[in-house]
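Under my numbering, the letters of the sequence shown match residues 255 to 593, in that order. Inspection log for the structure reproduced underneath, given as structure tokens.
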Amino acid sequence: MPIQKEINFQITTIGVIKVVAVLLALFFLFLIKDLIIILFVSFVFAAALSPIVNKWEEKGVSRALSLVLIYLVLFLILALIISSFLPEIINQFKEIIQNFSPYFQQASEPLPNQGMELKGDLQGFLDSLNNIFIGKNAGVFSNIINLFGGFGTFIFILIITFYLVLDKKSIRNLFYSLTPLKYQNYFIPYLKKAQEKIGLWFKGQLTLSFIIGLVSYLGLLVIGVRYALVLGLFAGLTEIIPYLGPWIGAVPAVLIAFFQAPIKALVVAVFYLLVQQLENVIIVPRVMSKAVGLNPIIIICSLWVGGRISGILGMLIAVPVAGILSVIVKDYIEFKKIN
Numbered sequence: 255m256p257i258q259k260e261i262n263f264q265i266t267t268i269g270v271i272k273v274v275a276v277l278l279a280l281f282f283l284f285l286i287k288d289l290i291i292i293l294f295v296s297f298v299f300a301a302a303l304s305p306i307v308n309k310w311e312e313k314g315v316s317r318a319l320s321l322v323l324i325y326l327v328l329f330l331i332l333a334l335i336i337s338s339f340l341p342e343i344i345n346q347f348k349e350i351i352q353n354f355s356p357y358f359q360q361a362s363e364p365l366p367n368q369g370m371e372l373k374g375d376l377q378g379f380l381d382s383l384n385n386i387f388i389g390k391n392a393g394v395f396s397n398i399i400n401l402f403g404g405f406g407t408f409i410f411i412l413i414i415t416f417y418l419v420l421d422k423k424s425i426r427n428l429f430y431s432l433t434p435l436k437y438q439n440y441f442i443p444y445l446k447k448a449q450e451k452i453g454l455w456f457k458g459q460l461t462l463s464f465i466i467g468l469v470s471y472l473g474l475l476v477i478g479v480r481y482a483l484v485l486g487l488f489a490g491l492t493e494i495i496p497y498l499g500p501w502i503g504a505v506p507a508v509l510i511a512f513f514q515a516p517i518k519a520l521v522v523a524v525f526y527l528l529v530q531q532l533e534n535v536i537i538v539p540r541v542m543s544k545a546v547g548l549n550p551i552i553i554i555c556s557l558w559v560g561g562r563i564s565g566i567l568g569m570l571i572a573v574p575v576a577g578i579l580s581v582i583v584k585d586y587i588e589f590k591k592i593n
């Protein structure tokens, strides 16, 4: 006859208080999630800039002067890009939005039922883009600023990044203040490792996106595809998604080329295949060899979760957060094996 065991659950006042405290803490973190994301984005930028500032400091240049010079160069590059390319990018976006609906209707005629459903989904997306780039209630530039979370947020991130890099110990002290005392000896040693990993990922991803975007733009320009600048920019942005990114970046270019001339779509498809081979064989091994090194499925899932939590900013910090967690989890697994 099996032995029956009685399990007694005791609900104490202290236990209830602890549960309520945890729930309140989680609710509070949810309320300030935007601030947490801003702080983490600043941490990512600081991780990318710190190695440069450290090298200049070894050569006798003060950290403050190094940061000022870096900011000036970045602002000059940004101003050059905005003045040279942004008007053309906006014009091309306008044309794509205005002309895409007829193209899609033409392509969906063989499948009327499915085409109508897809067209309804697409129309919502096009309406969103229309409000951003050719909305009547606000200027184009203000709409773009709102898209990326506000100009004030951007300046706030730059200021926090400046102070994090200015003081070598600021990041460590920040995490010390946020980490309970009993976990500091475990958590803090991995801060430097995580910071290095994030810095490598950020610089590698930025370099990879720039190279692929530039190569795609020049190739489409030579082939004669319309909206080459926007399509090249899109190809660069989709590089953040592993494996699927290049395919996603190629789809609009192939579709637009098809409506110009079917043979041109074939040429564009072959071109993107060559770019992907170039990326896999040469660019990625050289640029991303020391980066985060996460499983592609984990990266895709982290991007989805980040996007669901806080849109574009959430997606920006998703991979670095996953990188930090991977460092902690791997070390914990090794620790358990040893013990």
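For glycine and all other residues, C-beta sits at the position ideal for the given N, C-alpha and C.
Going by the CB atoms, is the gap between residue j and residue i shorter than 8 Å?
i	j	result
G568	G577	no
R317	L420	yes
F284	V484	no
I415	L303	For the record, residue 415 in the displayed sequence is Thr; it is not Ile. Yes, they are a contact pair.
V479	I517	no
V521	I477	yes
S424	Y430	no
Of the residues the options, which one's Cα is nearest the Cα of residue i?
i	options	result
I536	W501, I465, I413, I494	I465
K446	L462, L435, R426	R426
V298	I551, Y325, K451	K451
F410	S296, S320, K313	S296
Y471	L498, V327, K584, G503	G503
Y325	I306, E342, T267	I306
D499	A519, E533, L321	The residue you asked about is not Asp; residue 499 is Gly in the sequence shown. Cα-wise, what sits closest to G499 is E533.
I552	A519, P574, V538	P574
Q530	C555, A489, N353, A515	A489
I413	L277, F281, I292	I292
May I have the straight-line CA-CA distance separating residue i from residue j, to the nearest angstrom?
i	j	result
A279	I271	12 Å
L468	W501	16 Å
L330	L323	11 Å
M370	K422	Below a pLDDT of 50, predicted positions are generally treated as unreliable, and M370, at 49, falls in that range; the measurement from the model is reported next regardless. Spanning the two alpha carbons is a distance of roughly 58 Å.
L332	A275	45 Å
I351	A507	14 Å
L376	I495	The pLDDT assigned to L376 is 49, lower than 50, so where the model puts this residue is not dependable; a value taken from the coordinates is nonetheless given after this. Approximately 22 Å, taken between the alpha carbons.
F604	F513	Look at the range of the chain in this structure, 255 to 593, and you will see that residue 604 is not part of it.
L462	E349	28 Å
I563	K287	9 Å
L460	L435	36 Å
L328	L579	30 Å
I290	K584	24 Å
S320	E493	30 Å
F281	G269	18 Å
E312	V581	29 Å
Q341	G314	The residue asked about is misnamed: residue 341 is Pro in this sequence, not Gln. If you take the alpha carbons of P341 and G314, they lie about 41 Å apart.
N345	C555	34 Å
L365	V538	Confidence at L365 is low in this model, with a pLDDT of 45, below 50, so its placement is unreliable and no value can be given for it.
V273	T266	11 Å
A515	L277	59 Å
V394	N353	Residue placement at V394 is poorly supported in this model, since its pLDDT is 46, which falls under 50; the coordinates still yield a value, given next. C-alpha separation (whole angstroms): 19 Å.
S309	I592	Looking at the sequence shown, residue 309 is not Ser but Lys. The alpha-carbon atoms of K309 and I592 are separated by roughly 37 Å.
So, under 8 Å CB-CB, residue i and residue j are touching, yes? Tell me the CB distance rounded to an integer number of Å.
i	j	result
A572	Q449	17 Å between Cβ atoms; not a contact.
L491	A482	Actually they do not touch by this definition, with Cβ atoms about 15 Å apart.
L487	I343	7 Å
### Message
When you compare the stretch 521-533 with the stretch 581-589, are there three or more beta-carbon pairs, one atom per stretch, that lie closer than 8 Å?
### Response
no
### Query
How about the stretch 454-465 and the stretch 334-352: do they share at least three Cβ pairs that are nearer than 8 Å?
no
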